[in-house]
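Report on the structure given below.
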Amino acid sequence: MKILSEKVSFQTQGEISIVDLTIFFEQLVDKSGVKNGILSANVIGSTGALTAIEFESRVLDDFKNLLNKLVPKGADYKHDLIDSNAHSHLRASLIGPSLTISIHEGILQLGTWQQPVFVCLDIKPRSRKVAVTIIGE
Amino acid sequence: MKILSEKVSFQTQGEISIVDLTIFFEQLVDKSGVKNGILSANVIGSTGALTAIEFESRVLDDFKNLLNKLVPKGADYKHDLIDSNAHSHLRASLIGPSLTISIHEGILQLGTWQQPVFVCLDIKPRSRKVAVTIIGE
Amino acid sequence: MKILSEKVSFQTQGEISIVDLTIFFEQLVDKSGVKNGILSANVIGSTGALTAIEFESRVLDDFKNLLNKLVPKGADYKHDLIDSNAHSHLRASLIGPSLTISIHEGILQLGTWQQPVFVCLDIKPRSRKVAVTIIGE
Chain A
1 MKILSEKVSF
11 QTQGEISIVD
21 LTIFFEQLVD
31 KSGVKNGILS
41 ANVIGSTGAL
51 TAIEFESRVL
61 DDFKNLLNKL
71 VPKGADYKHD
81 LIDSNAHSHL
91 RASLIGPSLT
101 ISIHEGILQL
111 GTWQQPVFVC
121 LDIKPRSRKV
131 AVTIIGE
Chain B
138 MKILSEKVSF
148 QTQGEISIVD
158 LTIFFEQLVD
168 KSGVKNGILS
178 ANVIGSTGAL
188 TAIEFESRVL
198 DDFKNLLNKL
208 VPKGADYKHD
218 LIDSNAHSHL
228 RASLIGPSLT
238 ISIHEGILQL
248 GTWQQPVFVC
258 LDIKPRSRKV
268 AVTIIGE
Chain C
275 MKILSEKVSF
285 QTQGEISIVD
295 LTIFFEQLVD
305 KSGVKNGILS
315 ANVIGSTGAL
325 TAIEFESRVL
335 DDFKNLLNKL
345 VPKGADYKHD
355 LIDSNAHSHL
365 RASLIGPSLT
375 ISIHEGILQL
385 GTWQQPVFVC
395 LDIKPRSRKV
405 AVTIIGE
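Protein chains in written order, with our numbering: chain A, 1 to 137; chain B, 138 to 274; chain C, 275 to 411.
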């Protein structure tokens, strides 16, 4: 049994940034030597989220617009009295902080047009980290 | 330590199909021989999602109606200029691509009225796959 | 390789209760002796959900208000004909039943203002359980 426990780090570019994590994850799977197992990833910080999406600019814009519509910025949130990012927290909690992906014969089991992404919902550019653990044999 | 890495395959019946994965997962837990561990599952493809729900026809209909309300079809999405399934992608990314379930003494730790489900959000019937990995002892 | 398979139990206080799971999870990580690995948690029951949020009273209130707005109680749901908690199920399925967190050098990889939480969406106080499995070395 092999375990690789690492962090992926990157810079985001303000509200809303969506970062394709595919290449980071593939490199860690290679490094781990795991042929069959799982990759578990979770956001560090409460204004980011993980999900999967087709990494195509139009649908990424559509996703940002959806979040702006479902959870509008500055909609009389109580948390905005002490900070100005209530909407960032709410969007992150709704999407969720983690995901898992199966690894089979050394390959992450994803569709061709399906990319794991970090959704940065914070109101300013930030240095972000995603914790990644790979377990398998 | 035991690892089972498989795919579950099934046919969906158009927008929106919700497939109960319980029997598939239980069979794989039995096959794995794992008594204590986890089952990790993720959708392959970006127009499907995984969650849990009471598999009862009325609440399933309510969930479909909720998705239609929160993420309406054809609401001036940019992605619809190149395809006609922007809403499918957005709903999938909002719900999320993966889930994990604990296995204790060979039993998936779920409630009696709680079923793991695949939510097919694509606009036409499709052959779908869910990657499943079971790790434990 | 070590595996710890347990359940966390607690009492909730009616609609909507949000329970900070940090201390429960930290105690189980200590008990497991796992230094590098993952913690997987899933709700048992279909009217609860898991996510992460800053455990600050204002943003918790904002999250409850958001759920009330996105998935209103009693909005002509079909399931309400046989029960009165359709909105509880729908909110739970939207947020999701599970999460995973990496463990590195014996520490759960979370931000300072980021807490894993159980969101009890049921309409009355209940005794709830979360299944937790820790795998690693």
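Every residue gets a Cβ at the ideal spot worked out from N, C-alpha and C, and that includes glycine. Predicted, not measured: the structure shown is a model, and the values here were computed from it.
As assigned by DSSP and simplified to three states, the class of C:ILE297:
In the third sequence, counting from the first residue as 1, residue 297 of chain C sits at position 23. Helix at C:ILE297.
May I ask you to report which of helix, strand or coil DSSP gives C:ILE292?
If you number the third sequence from 1, residue 292 of chain C lands on position 18. Three-state DSSP puts C:ILE292 in a strand.
Quick one: what does DSSP say C:PHE337 is sitting in, helix, strand or coil?
Here residue 337 of chain C corresponds to residue number 63 of the third sequence, with the count starting at 1. Helix, per DSSP.
What span of residues does the beta strand (DSSP E) with A:ALA41 cover, start to end?
Taking the first sequence and counting its residues from 1, the one referred to as residue 41 of chain A is at position 41. Its beta strand (DSSP E) spans residues 37–44.
Which residue's Cα is closest to the Cα of A:GLY37: A:PHE25, A:ALA52 and A:LYS2?
By 1-based counting over the first sequence, the position of residue 37 of chain A is 37. Here the closest residue by C-alpha is A:LYS2.
For B:ILE232, which of helix, strand or coil comes out of DSSP?
Reading the second sequence from its first residue, position 95 is the one you call residue 232 of chain B. Looking at B:ILE232 - three-state DSSP - the assignment turns out to be helix.
Proximal residues of chain C, C-beta to C-beta of A:SER5 below 7 Å
Residue 5 of chain A sits at position 5 when you count from the first residue of the first sequence. Going along chain C in sequence order, the residues near A:SER5 (Cβ under 7 Å) are ASN310, SER376 and HIS378.
Stretch-stretch touch, CB-based, cutoff 8 Å, three pairs: the segment 209–222 of chain B with the segment 54–64 of chain A:
Using a Cβ-Cβ distance cut-off of 8 Å, the segment 209–222 of chain B and the segment 54–64 of chain A are in contact, since at least three pairs of beta carbons, one from each stretch, lie closer than that value.
With DSSP run on the structure shown, which of helix, strand or coil describes B:SER194?
Working through the second sequence from its first residue, we reach residue 194 of chain B at position 57. Here B:SER194 sits in helix by DSSP.
DSSP three-state label for A:LYS158, please.
The first residue shown for chain A is 1 and the last is 137, placing residue 158 of chain A beyond what the model contains.
Would you check if the distance between the CB atom of B:ALA229 and the CB atom of B:LEU258 is smaller than 8 Å?
Along the second sequence, one-based indexing puts residue 229 of chain B at 92. Along the second sequence, one-based indexing puts residue 258 of chain B at 121. In contact: B:ALA229 and B:LEU258 (Cβ atoms closer than 8 Å).
Can you tell me whether C:GLN388 is buried or exposed? The criterion is at least 16 other CB atoms within 10 Å of its CB, across all chains shown.
If you number the third sequence from 1, residue 388 of chain C lands on position 114. Buried, because 16 or more other Cβ atoms sit within 10 Å of the Cβ of C:GLN388.
Report the neighbours of A:ALA86 on chain C: residues whose CB is nearer than 8 Å to its CB, in chain order.
Within the first sequence, the letter at position 86 stands for residue 86 of chain A. Listed along chain C, the residues sitting closer than 8 Å to A:ALA86 by beta-carbon distance are ARG332, VAL333 and ASP336.
Neighbouring residues, chain B, relative to C:THR325 (Cβ below 8 Å):
Residue numbering aside, residue 325 of chain C sits at position 51 when the third sequence is read from its first letter. Near C:THR325 there are no residues of chain B at all, since even the closest Cβ is about 10 Å away, more than 8 Å.
Is it a yes or a no for the segment 301–321 of chain C touching the segment 160–171 of chain B, going by three-plus beta-carbon pairs under 8 Å?
No, the segment 301–321 of chain C is not in contact with the segment 160–171 of chain B.
Buried or exposed for C:SER291, please, with buried defined as at least 16 other CB atoms from any protein chain shown within 10 angstroms of its CB.
Residue numbering aside, residue 291 of chain C sits at position 17 when the third sequence is read from its first letter. Result: buried.
Residues of its chain near B:ALA189, where Cβ-Cβ distance is below 6 Å and the 5 sequence neighbours each way are ignored:
Within the second sequence, numbered from 1, the residue matching residue 189 of chain B stands at position 52. Once the five neighbours on either side are set aside, the close Cβ partners of B:ALA189 are GLN251 and PRO253.
For A:ILE95, is the beta carbon positioned less than 7 Å from some heavy atom of the ligand MN?
With respect to the ligand MN, the structure shown offers nothing to examine, as it has no ligands at all.
Check whether the Cβ atoms of C:GLN285 and C:PRO399 sit closer than 8 Å, and answer yes or no.
Counting from one through the third sequence, the residue named residue 285 of chain C turns up at place 11. Counting from one through the third sequence, the residue named residue 399 of chain C turns up at place 125. Their beta carbons are under 8 Å apart, which means C:GLN285 touches C:PRO399 by this criterion.
Label C:GLU289 either buried or exposed according to how many other C-beta atoms from any shown protein chain fall within 10 Å of its C-beta, with 16 as the threshold for buried.
Locating residue 289 of chain C in the third sequence gives position 15, where the first residue counts as 1. With a threshold of 16 other beta carbon atoms within 10 Å, C:GLU289 meets it and is buried.
What does a CB cutoff of less than 6 Å around C:PHE298 pick up in its chain, not counting 5 residues either side in sequence?
Looking up residue 298 of chain C in the third sequence gives position 24. In the same chain as C:PHE298, and ignoring 5 residues on each side of it, the C-beta atoms closer than 6 Å to its own belong to VAL282, in chain order.
Between A:PRO97 and C:VAL404, what straight-line distance do the alpha-carbon atoms span, to the nearest angstrom?
Along the first sequence, read from residue 1 onward, the residue named residue 97 of chain A stands at position 97. Along the third sequence, read from residue 1 onward, the residue named residue 404 of chain C stands at position 130. Straight-line Cα distance between these residues: approximately 17 Å.
For a cutoff of 8 Å on Cβ pairs, would you count C:LYS352 as touching chain B?
Your numbering for residue 352 of chain C matches position 78 in the third sequence. Interface residue, yes.
Beta-carbon within less than 7 Å of B:SER239's beta-carbon, same chain only, minus the 5 sequence neighbours each way: which residues are those?
Position 102 of the second sequence, counted from the first residue, corresponds to residue 239 of chain B. These residues qualify, in order along the chain: ILE175 and GLN246.
C:GLY322: buried (16+ other C-beta within 10 angstroms of its C-beta) or exposed?
Residue numbering aside, residue 322 of chain C sits at position 48 when the third sequence is read from its first letter. It is buried - the Cβ of C:GLY322 has at least 16 other Cβ atoms within 10 Å.
With which residues is B:HIS226 paired in a DSSP beta bridge?
Within the second sequence, residue 226 of chain B is the residue found at index 89, counting from 1. Note: B:HIS226 is not bridge-paired with any residue in the DSSP secondary-structure output.
Along the chain, where does the beta strand (DSSP E) containing C:SER283 start, and where does it finish?
The residue labelled residue 283 of chain C in the question sits at position 9 within the third sequence. Run containing C:SER283: 276–285, per the beta strand (DSSP E) assignment.
Distance cutoff 8 Å, beta carbons only. Does A:VAL132 sit that close to anything in chain C?
Numbered from its first residue, the first sequence carries residue 132 of chain A at position 132. At least one CB atom of chain C sits nearer than 8 Å to the CB of A:VAL132.
Taking the beta carbon of C:SER381 as the centre, do at least 16 other beta carbons fall within 10 Å, making it buried, or is it exposed?
Looking up residue 381 of chain C in the third sequence gives position 107. Position check: residue 381 of chain C holds Ile in this sequence, whereas Ser was assumed. The residue in question, C:ILE381, is exposed, as its Cβ has fewer than 16 Cβ neighbours within 10 Å.
Residues of chain C with CB closer than 7 Å to the CB of B:GLY233, please, in chain order.
In the second sequence, the residue the question calls residue 233 of chain B occupies position 96. Those within 7 Å of B:GLY233 in chain C are GLY370.
Taking Cβ-Cβ distances shorter than 7 Å, what residues in chain A pair up with B:SER230?
What you label residue 230 of chain B is simply residue 93 of the second sequence in a count that begins at 1. THR51, ALA52, ILE53 and PHE63, listed in chain order.
Whose C-beta lies closer than 8 Å to the C-beta of A:ILE44 among residues of the same chain, with five residues either side of it excluded?
Position 44 of the first sequence, counted from the first residue, corresponds to residue 44 of chain A. Answer for A:ILE44: LYS7, ARG128, LYS129, VAL130 and ALA131, listed in chain order.
Cutoff 8 Å; reference A:GLU54; Cβ partners in own chain excluding five residues on either side
As a position in the first sequence, residue 54 of chain A is number 54, starting the count at 1. Non-local beta-carbon contacts of A:GLU54 in its own chain, meaning distances under 8 Å to residues more than five positions away in sequence, involve TRP113, GLN114 and GLN115 in chain order.
Does the beta carbon of B:ILE272 sit closer than 8 Å to a beta carbon anywhere in chain C?
Working through the second sequence from its first residue, we reach residue 272 of chain B at position 135. Taking a beta-carbon distance threshold of 8 Å, B:ILE272 counts as an interface residue toward chain C.
Please list, in chain order, the chain B residues whose beta carbon lies closer than 7 Å to that of A:GLN109.
Counted from its first residue, the first sequence places residue 109 of chain A at position 109. The answer, in chain order, is ASN179, ILE181 and ALA268.
Starting from B:SER221, follow its DSSP beta bridges and name the residues at the other end.
Translated into the one-based positions of the second sequence, residue 221 of chain B becomes position 84. Beta-bridge pairing links B:SER221 to no other residue.
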